[in-house]
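Student: Attaching a single structure in structure tokens format; questions to follow.
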């Protein structure tokens, strides 16, 4: 999953980023209000971990910015401020959860997973689309109850497709979701074609319905509806 960590305490930032990276998440960081605001305007995230007290601004204003985009991004406030008012203000503005510092990293990780399940998959541990059964936390896929072996990128693309099924998805959106800030390093997104081609081939070989449709000049659609 793609996560933005907005935290100005560098050691804590490194600790959280490292732990969540080991959990197969793509984590981007922002040290202050201005850099976080810029990232929120440019990129989409599955989850934003947000400290309220930031250099150059207030984290509550970042919640407003995310909600003004009408984004599906989940928001978890992580703050050392124990003020009840801050918690209520953040939740009233649209934050999904509040975790006071200090906290255990496994608890933070569990809350992120629960939030993403609620926002993208109706809270289900297993996502079922016809003959496809997908377990995001275990990174496991079954086709007609038989395991399907995917690379890490193929798995992430399939999750992204299913979360956005029946929508047209631009190649640039796939690259930004999977590669984050590194997306700017690519001159073009042709390499996405190979990842999607390999994923589609594996699905078809497993006798899965051909859900992946190419949209010429734009990207793809994971069509589960006629």
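In this note's numbering, the protein residues as written are -11 to 214. Each residue gets a CB set at the ideal place from its N, CA and C atoms; glycine is no exception.
1. Evaluate contact between the stretch 47 to 58 and the stretch 21 to 28, counting only Cβ atoms and requiring at least three cross-stretch pairs below 8 Å.
2. Under the three-state reduction of DSSP, which class applies to residue 65: helix, strand or coil?
3. Less than 9 Å separating the beta-carbons of residue 49 and residue 20?
4. Since I believe residue 149 is in contact with residue 210 (beta carbons under 8 Å), could you give me their beta-carbon distance rounded to a whole number of angstroms?
5. Helix, strand or coil, according to DSSP, for residue 208 in the structure here?
6. If residue 156 and residue 206 are in contact, beta carbons under 8 Å, what's the gap, nearest whole angstrom?
7. In whole angstroms, what is the alpha-carbon distance linking residue 82 and residue 160?
8. Whose C-beta lies closer than 7 Å to the C-beta of residue 77 among residues of the same chain, with five residues either side of it excluded?
9. Output needed for residue 196: all residues of its chain with C-beta closer than 7 Å, excluding positions within five of it in sequence on either side, in chain order.
10. Please give me, in chain order, every unbroken run of the alpha helix (DSSP H) with length at least 4 that falls completely inside the stretch 108 to 160.
11. Does the separation of the CB atoms of residue 117 and residue 153 fall below 9 Å?
12. Using only the alpha-carbon positions, how far apart do residue 135 and residue 198 sit?
13. Quick check: what's the CA-CA separation for residue 18 versus residue 192?
14. Suppose contacts are defined by Cβ-Cβ distances below 9 Å. Is residue 62 in contact with residue 93 by that definition?
15. Is it buried or exposed, residue 30, if we count other Cβ atoms within 10 angstroms and call 16 or more buried?
Tutor: This is what the structure holds:
1. yes
2. Looking up residue 65 in the chain shown gives position 77. The answer is strand: DSSP assigns residue 65 an E or B state.
3. The count along the chain shown starts at 1 and reaches residue 49 at position 61. The count along the chain shown starts at 1 and reaches residue 20 at position 32. No.
4. Stepping through the chain shown from its first residue, residue 210 is reached at position 222. Stepping through the chain shown from its first residue, residue 149 is reached at position 161. Confirmed, about 4 Å.
5. Counted from its first residue, the chain shown places residue 208 at position 220. In this structure, residue 208 counts as strand in the three-state DSSP scheme.
6. On the chain shown, residue 156 is found 168 positions in, with the first residue counted as 1. On the chain shown, residue 206 is found 218 positions in, with the first residue counted as 1. About 6 Å; that satisfies the 8 Å criterion.
7. Here residue 82 corresponds to residue number 94 of the chain shown, with the count starting at 1. Here residue 160 corresponds to residue number 172 of the chain shown, with the count starting at 1. Those two C-alpha atoms are separated by around 28 Å.
8. Along the chain shown, read from residue 1 onward, the residue named residue 77 stands at position 89. Hits under 7 Å: 48.
9. Within the chain shown, residue 196 is the residue found at index 208, counting from 1. Result list for residue 196: 119, 120 and 131, in chain order.
10. 140 to 151
11. The sequence position of residue 117 within the chain shown is 129, counting from 1. The sequence position of residue 153 within the chain shown is 165, counting from 1. Yes. Within cutoff.
12. Counting from 1 along the chain shown, the entry for residue 135 is found at position 147. Counting from 1 along the chain shown, the entry for residue 198 is found at position 210. Approximately 17 Å, taken between the alpha carbons.
13. As a first step, residue 18 must be located in the chain shown, where it is residue number 30. As a first step, residue 192 must be located in the chain shown, where it is residue number 204. Rounded to the nearest angstrom, the two C-alpha atoms are 41 Å apart.
14. Walking along the chain shown from the start, residue 62 turns up at place 74. Walking along the chain shown from the start, residue 93 turns up at place 105. In this structure, residue 93 does not lie closer than 9 Å to residue 62 by Cβ.
15. Position 42 of the chain shown holds residue 30. By the 10 Å Cβ count, residue 30 comes out exposed.
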